[in-house]
Amino acid sequence: QKEVEQDPGPLSVPEGAIVSLNCTYSNSAFQYFMWYRQYSRKGPELLMYTYSSGNKEDGRFTAQVDKSSKYISLFIRDSQPSDSATYLCAMSRTNAGKSTFGDGTTLTVKP
Amino acid sequence: DAGITQSPRHKVTETGTPVTLRCHQTENHRYMYWYRQDPGHGLRLIHYSYGVKDTDKGEVSDGYSVSRSKTEDFLLTLESATSSQTSVYFCAIREDVGRATDTQYFGPGTRLTVL
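For the record, the sequence lines run as chains G and E. The end of the first sequence is residue 268 by our numbering, with every number in the run present. The end of the second sequence is residue 298 by our numbering, with every number in the run present.
Here is the structure:
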């Protein structure tokens with residue numbers, strides 16, 4: 158069983174919809190939680206990061222971490238076609254790299 | 184833009200040949216990483232470096248070696264390429280310790296095909 162499991166998708170939504178992307182994990186030592194966005198044939202780029210539990214909001218994006226349930230989520234409000242990409246969750250025990258990544262969820266937002 | 188370049192961007196080679204991929208950064212960061220990305224497996228860490236001549240293995244290091252003789256360059260070598268090493272390879276850097284984050288910045292990737 159993988160340490161990090163991500164909802165596989167693909168996910169297709171109409172423009173303006175609220176999107177929920179989710180990951181579960183088994184290692185209770187994870188403290189750092191990241192979401193990356195990857196456009197087709199590009200490298201991943203950091204979208205959000207959270208240390209320990211709680212919520213973090215940045216514009217239309219909200220990241221949630223529930224360490225008691227070992228569950229993290231990324232919410233996208235008022236989704237746009239430009240949000241169409243693969244979203245990767247990542248997490249690590251320390252801030253020295255060596256993140257463990259989910260397999261990614263591919264999102265398509267249709268105009 | 185994190186100042187990371189990878190070369191070559193595309194390469195086709197034959198089974199049994201050696202291949203070296205280069206990652207170059209302009210940020211002077213200590214930590215550098217090599218990942219491979221395959222369908223159904225996400226990003227998997229091959230090797231990483233925490234300084235010049237300081238490297239360590241990741242989860243899928245068999246068949247790969249690395250070298251870092253300068254801060255700005257991190258080389259990944261496939262000593263004898265196999266078809267199972269056909270993949271997209273990403274280099275990443277991490278900002279140095281001191282922040283409450285473990286975020287990495289990725290290069291554009293190298294698409295390697297081993298025939």
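Each residue gets a CB set at the ideal place from its N, CA and C atoms; glycine is no exception. Treat the numbers as computed from the prediction; the structure is a model and nothing was measured.
Start and end residues, beta strand (DSSP E) containing residue i
{"i": "E/G234", "result": "225–234"}
{"i": "E/D237", "result": "237–240"}
{"i": "E/Y218", "result": "214–221"}
{"i": "G/A186", "result": "That residue, G/A186, is in no beta strand (DSSP E); it is neither H nor E in DSSP."}
{"i": "G/T219", "result": "218–223"}
8 angstroms CB neighbourhood of residue i in its chain, flanking five on each side removed
{"i": "E/R192", "result": "P291, G292, T293, R294"}
{"i": "G/V170", "result": "V176, S236, L264, T265, V266, K267"}
{"i": "G/S209", "result": "Q188, V222, K224"}
Inter-residue Cα distance where the pair is residue i and residue j
{"i": "G/D164", "j": "E/A275", "result": "24 angstroms"}
{"i": "E/V249", "j": "E/T198", "result": "19 angstroms"}
{"i": "E/L228", "j": "E/G241", "result": "5 angstroms"}
{"i": "E/S252", "j": "E/P201", "result": "19 angstroms"}
{"i": "E/T203", "j": "G/R234", "result": "43 angstroms"}
{"i": "E/S128", "j": "E/Y216", "result": "For chain E, the structure presents residues 184 to 298; residue 128 of chain E sits outside this window and is missing."}
{"i": "E/K194", "j": "E/H230", "result": "20 angstroms"}
{"i": "G/A220", "j": "E/G186", "result": "27 angstroms"}
{"i": "E/H207", "j": "E/E255", "result": "5 angstroms"}
Other residues of its chain near residue i: CB distance less than 7 angstroms, five sequence neighbours each side excluded
{"i": "E/S263", "result": "G199, P201"}
{"i": "E/L261", "result": "P201, V202, G246, Y247, Q268"}
{"i": "G/L204", "result": "W192, Y193, R194, F218"}
Burial state of residue i, where buried means 16 or more other Cβ atoms lie within 10 Å
{"i": "G/W186", "result": "Note that residue 186 of chain G corresponds to Ala in the displayed sequence, not to Trp. By the neighbour-count rule (16 or more Cβ atoms within 10 Å), G/A186 is not buried but exposed."}
{"i": "G/P201", "result": "buried"}
Cβ shell of residue i (< 6 angstroms), same chain only, five flanking positions each side left out
{"i": "E/R277", "result": "Y214, Q287"}
{"i": "G/N179", "result": "D164, S230"}
{"i": "E/S232", "result": "M215, T238, R251, F257"}
Using a Cβ-Cβ cut-off of less than 9 angstroms, give me the residues of the stretch 254–266 of chain G that come near chain E, in sequence order.
G254, K255, S256, T257, F258, G259, D260, G261
Using a Cβ-Cβ cutoff of 8 angstroms, what residues of the stretch 195–209 of chain G are near chain E? List them in chain order.
R198, K199, G200, P201, E202, L203, Y206, Y208
Chain G contacts made by the stretch 287–298 of chain E, where a contact means CB separation under 9 angstroms
Q287, Y288, F289, G290, P291, G292, R294
Closer than 9 angstroms, Cβ to Cβ, to anything on chain E: give me those residues from the stretch 236–247 of chain G, in chain order.
L245, A247
Taking only beta carbons into account, state which residues of the stretch 218–233 of chain E come closer than 9 angstroms to chain G, listed in chain order.
Y218, Q220, P222, G223, H224, G225, L226, R227, L228, Y231, Y233
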